[in-house]
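Numbering (the working numbering), first residue to last: 2 to 283.
Each remark here refers to the structure printed beneath this line.
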């Protein structure tokens with residue numbers, strides 16, 4: 002009707018089953034007194050389902066054509082539609098400016114989902130929770146057990162900071178165009194029993210990135226290869242009660258956090274940053 006077609010280069014796959022949209026809203030936990038920030042409004046199916054349940058909906062869509070179509074069709078009165086790129090949004094600031102508890106619900110291209118998940122972790126103190134559609138393989142990584150094939154940095158960060166609940170696996174036919182992969186709707190609730198500052202989180206993430214890039218090596222060799230000085234890594238492992246021969250995937254999330262907080266590895270991290278700058282790495 003509006004001459005719109007999904008952009009395959011953007012990875013657009015739109016939810017087309019109303020009953021599924023209703024179920025996703027139920028799983029998201031959005032309540033009658035809460036505000037929902039929807040990321041990826043698409044054709045508005047999930048938007049309307051959220052509007053029927055939430056106090057208010059802020060629907061964000063990056064595609065200008067879809068924004069025009071949604072405005073022409075009309076949306077429920079409690080929906081505000083915004084043309085914006087979710088990757089550039091400060092969710093904490095938005096949540097603080099909106100009424101009631103705020104939850105994020107996202108159905109957007111899979112290529113954007115992982116960066117969005119990381120941004121939402123930074124905003125966890127301002128959100129009641131969030132729910133995101135991801136590839137089934139990413140869902141497996143989000144709550145993978147220690148030692149599992151899917152266990153990695155994503156698993157560690159989410160285990161420490163949030164409670165992860167895999168809400169629903171969706172068949173490809175729930176979307177148009179039909180994607181080549183299966184999808185999972187995953188729900189997150191911030192943990193309140195663990196305090197991790199922004200600087201601690203960045204430091205931990207740097208360690209995890211260095212270690213899991215070389216997951217077949219021992220953690221000592223992996224971090225040495227990432228530019229962390231040998232003695233600092235060795236001393237921090239010993240202080241945290243971890244054996245040098247352990248591989249990154251054998252270390253549970255709580256032990257990774259303890260390891261990252263050792264002053265010995267803090268000094269090593271600063272040396273690694275200098276090493277990266279010399280090599281021109283971010």
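Don't be surprised by glycine CBs; every beta carbon is placed ideally from N, CA and C.
task: Quick one: measure Cβ to Cβ for residue 61 and residue 103, integer angstroms, because I've assumed they're closer than 8 Å.
output: Wrong, their Cβ atoms sit about 13 Å apart, outside the cutoff.
message: Between residue 240 and residue 263, how many whole angstroms is the CB-CB distance? I'm expecting something under 8 Å.
response: 5 Å
field: Validate contact between the stretch 175 to 182 and the stretch 208 to 219 using beta carbons, cut 8 Å, 3 pairs
entry: no
Residue 233 (DSSP reduced to helix, strand or coil): helix
Contacts around residue 54, its chain only, beta-carbon distance under 6 Å, and the 5 residues preceding and following it disregarded: 26 and 31
message: Nearest by alpha-carbon distance to residue 18: which of 114, 49 and 243 is it?
response: 49
query: By DSSP, does residue 200 sit in helix, in strand, or in coil?
result: helix
query: For the alpha helix (DSSP H) that residue 23 lies in, which residues bound it at each end?
result: 19 to 29
Sheet register partners of residue 83 (DSSP bridge): 61
- prompt: Would you call the stretch 183 to 197 and the stretch 129 to 143 touching, i.e. three or more CB-CB distances under 8 Å?
  reply: yes
task: Tell me whether residue 203 is buried or exposed, calling it buried when 16 or more other Cβ atoms sit within 10 Å of its Cβ.
output: exposed
query: Is DSSP giving residue 168 helix, strand or coil here?
result: strand
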